[in-house]
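All remarks here apply to the structure that follows.
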Amino acid sequence: MAEEFDTYSLRSKKRPPICIFFKDIRNGLKLDELGLEIAQIALPASLALTADPIASLVDTAFIGQIGAIELAAVGVSIALFNQVSRIAIFPLVSITTSFVAEEDTIGRAAEAEIEESEYLETGSGNSDDKQLIPKNDSNDAAYESKPLTGSFNVAKPENQRKHIPSASSALVIGSILGIVQAVLLIALAKPLLSFMGIHSKSPMLSPAIQYLTLRSLGAPAVLLSLAMQGVFRGFKDTKTPLYATVAGDLANIILDPIFIFLFRLGVSGAAIAHVISQYLIAVILLWRLIQQVDLIPPSLKYLQFSRFLKNGFLLLIRVIAVTFCVTLSASLAARQGPTPMAAFQVCLQVWLATSLLADGLAVAGQAILASSFAKKDYERSTSAAARVLQLGVVLGVMLSAILGLALHFGAKLFTRDADVLRLISIGIPFVACTQPINSLAFVFDGINFGASDYAYAACSMVLVALVSILCLLILSTTSGFIGLWVGLTIYMSLRAFAGFWRIGTGTGPWEFLRK
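Residue numbers for the sequence shown follow our numbering, beginning at 1163 and rising by one.
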């Protein structure tokens, strides 16, 4: 491995670290070995990540048929629930993905070493023609007696489950956090909505409380299912989470009109449908996971909570900063009234749903980089980082073109209110044009987490948040609805720049680029 590092250093020592962004740029869209691996991880991950926002968009579309007040109320509740959830979910999922990828890589390497050692010890290079047959112990089903020339094979039990400490830890922490979140959101629904700009005399208060309280019952399932998604991502398996998420969200889409219109439950029906879908997703993922991983820990030490808490605290700081920026923007929109909030909700949901497509690339980058850094394979680390960033730019440009047209003609799917549609048309250019910036920001996040650069991710995000919060407060006051979107554009631009700066200057885990 040292030889590999030296070879890489000799090839790149005359190039500044910033050149990593242009590494093998001609092969950016090529489906070679690396391209196929990224595609196999990123495509299912992107679809799974966008499935929940799409389900929220379906909720929004159905609720928009009830009225603008209900649409605005649910918009605030969804924004609040999602941002509070992110405080717990993002650190848990990100750390789980990296830890599981590292443990799985090290475990596979250890198994390969043991197999090679056993192969050599049994005389694989023996020139004699005698047969080496292991003892046949009737109590040991793992061994098979086979007459082999110069060697023997150790037959491993089929369907043997893996021992991954991080998987067990993630499920325990996810379950606890989910219950705590549900209790807090239900108990503090009214003051939290007041913070979001819905006061006691607002017509949005009653439907907002109804929706938030019922949807909070699904918090344990949300956190548990996303913790399991982190485990599967660590295995570079993003298809299983996709199948589970699609099944759950299809159930949500089917149940929405039944509960909302047939049973006449209104916003409460939308929340109930969403909760049922989340528990369905959790059950499917748990069923699949217990077939692959032994989730029962032999002891509390095995769970390694301290490792989770140490890195989780850093990401918690980062997520609070991210969450506060987005939540503040929704709160400022709500303070401008139901019409601006309804328009902001539609634009924000589309903005987040499409941006999360890039998060699939981030997941691929994180999983590959975590494995590469665990093996100290710096050549593969730089190649993977460069490729996902280049694909991020391409994806962002494509999303800009698609959204610029689709949202202009599709806004009437969400509401028929003329004033709301007018404000949506103002937000469309911002939603479309910021897609390349958003894509890069998400991909840089995945690269930082894959390199276990949690301290920089936290500190840089706090600085970005401080500047962004100031911009949002000033611009929303002076420019209203437009000011909110200018502020969010500044926020995402600063996030992307922070990621660019770390790798481009060759600092932290990327210091090897300068050697």
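We treat Cβ as the ideally placed atom computed from N, Cα and C, and that holds for glycine. Since we're looking at a predicted model, the values are computed, not measured.
Taking residue i as part of the alpha helix (DSSP H), name the residues at either end of that continuous run.
| i | result |
| --- | --- |
| residue 1672 | Unbroken run through residue 1672: none, as it is neither H nor E. |
| residue 1421 | It is not in any alpha helix (DSSP H) - residue 1421 carries neither H nor E in the DSSP assignment. |
| residue 1516 | 1500 to 1536 |
| residue 1466 | Element bounds for residue 1466: n/a, residue is neither H nor E. |
| residue 1598 | 1597 to 1612 |
| residue 1622 | 1616 to 1666 |
| residue 1390 | 1381 to 1396 |
| residue 1357 | 1351 to 1357 |
| residue 1368 | 1367 to 1378 |
Pull the bridge partners of residue i from the DSSP assignment, please.
| i | result |
| --- | --- |
| residue 1455 | 1324 |
Enumerate in chain order the residues of its own chain whose CB-to-CB distance from residue i is below 8 Å, with the five nearest sequence positions on each side excluded.
| i | result |
| --- | --- |
| residue 1599 | 1558, 1651, 1654, 1655 and 1658 |
| residue 1528 | 1256, 1259, 1260, 1263, 1395, 1608, 1609, 1611 and 1612 |
| residue 1536 | 1263, 1264, 1267 and 1268 |
| residue 1339 | 1250, 1254 and 1385 |
| residue 1419 | 1224 |
| residue 1485 | 1245, 1246, 1248 and 1249 |
| residue 1378 | 1243, 1343, 1344, 1347, 1348 and 1351 |
| residue 1587 | 1570 and 1573 |
| residue 1324 | 1266, 1269, 1454, 1455 and 1456 |
For residue i, count neighbouring C-beta atoms within 10 Å of its own C-beta (all shown protein chains included) and say buried if the count is 16 or more, exposed if not.
| i | result |
| --- | --- |
| residue 1194 | exposed |
| residue 1576 | buried |
| residue 1616 | buried |
| residue 1295 | Any reading at residue 1295 is ruled out, since the residue's pLDDT is 41, under 50, leaving its predicted position unreliable. |
| residue 1436 | buried |
| residue 1253 | buried |
| residue 1647 | buried |
| residue 1629 | exposed |
| residue 1319 | Any reading at residue 1319 must be qualified, since the residue scores a pLDDT of 45, below 50, and its modelled position is unreliable; no value is offered. |
| residue 1501 | buried |
| residue 1362 | exposed |
| residue 1606 | buried |
| residue 1641 | exposed |
| residue 1663 | exposed |
| residue 1572 | exposed |
| residue 1355 | buried |
| residue 1596 | buried |
| residue 1242 | buried |
| residue 1453 | exposed |
| residue 1578 | exposed |
| residue 1372 | buried |
| residue 1464 | exposed |
| residue 1322 | exposed |
| residue 1188 | exposed |
| residue 1177 | exposed |
| residue 1424 | exposed |
| residue 1449 | exposed |
| residue 1302 | Any reading at residue 1302 needs caution, since the residue's pLDDT is 43, under 50, leaving its predicted position unreliable; the model's value is listed next. Residue 1302 is exposed by the Cβ-count criterion. |
| residue 1584 | exposed |
| residue 1270 | exposed |
| residue 1211 | buried |
| residue 1639 | exposed |
| residue 1672 | buried |
| residue 1213 | buried |
| residue 1206 | buried |
Suppose the cutoff is 7 Å on Cβ atoms and the five residues either side in sequence are ignored; what does the same chain contact list for residue i look like?
| i | result |
| --- | --- |
| residue 1676 | 1179 and 1668 |
| residue 1337 | 1382 and 1386 |
| residue 1431 | 1421, 1422 and 1425 |
Near residue i, which residues of its chain fall below 6 Å by C-beta distance, leaving aside the five closest residues on each side in sequence?
| i | result |
| --- | --- |
| residue 1204 | 1522, 1523 and 1526 |
| residue 1532 | 1260, 1263, 1264 and 1612 |
| residue 1391 | 1403 |
| residue 1447 | 1387, 1390 and 1406 |
| residue 1715 | The displayed coordinates of the chain run from 1163 to 1677. Any statement about residue 1715 would go beyond what the structure contains. |
| residue 1474 | 1253 and 1257 |
| residue 1327 | 1464 and 1466 |
| residue 1483 | 1623, 1624 and 1627 |
| residue 1566 | 1594 |
| residue 1478 | 1253 |
Any heavy atom of the ligand ADP closer than 7 Å to the beta-carbon of residue i?
| i | result |
| --- | --- |
| residue 1436 | Questions concerning the ligand ADP fall outside what the structure shown contains, since it holds no ligand whatsoever. |
Inset, instruction - With a floor of 4 residues, list each alpha helix (DSSP H) that falls wholly inside the segment 1185 to 1236, ordered by position along the chain. - result: Unbroken alpha helix (DSSP H) runs of no fewer than 4 residues, entirely contained in the segment 1185 to 1236, are found at 1195 to 1226, following chain order.
Inset, instruction - Would you mind listing the beta strand (DSSP E) stretches within the segment 1237 to 1271 that are 3+ residues and don't spill past its ends, in chain order? - result: Runs found: none.
Inset, instruction - Please go through the segment 1534 to 1558 and give each complete alpha helix (DSSP H) segment of 4 or more residues, from N-terminal end onward. - result: Counting only runs of 4 or more, we get nothing.
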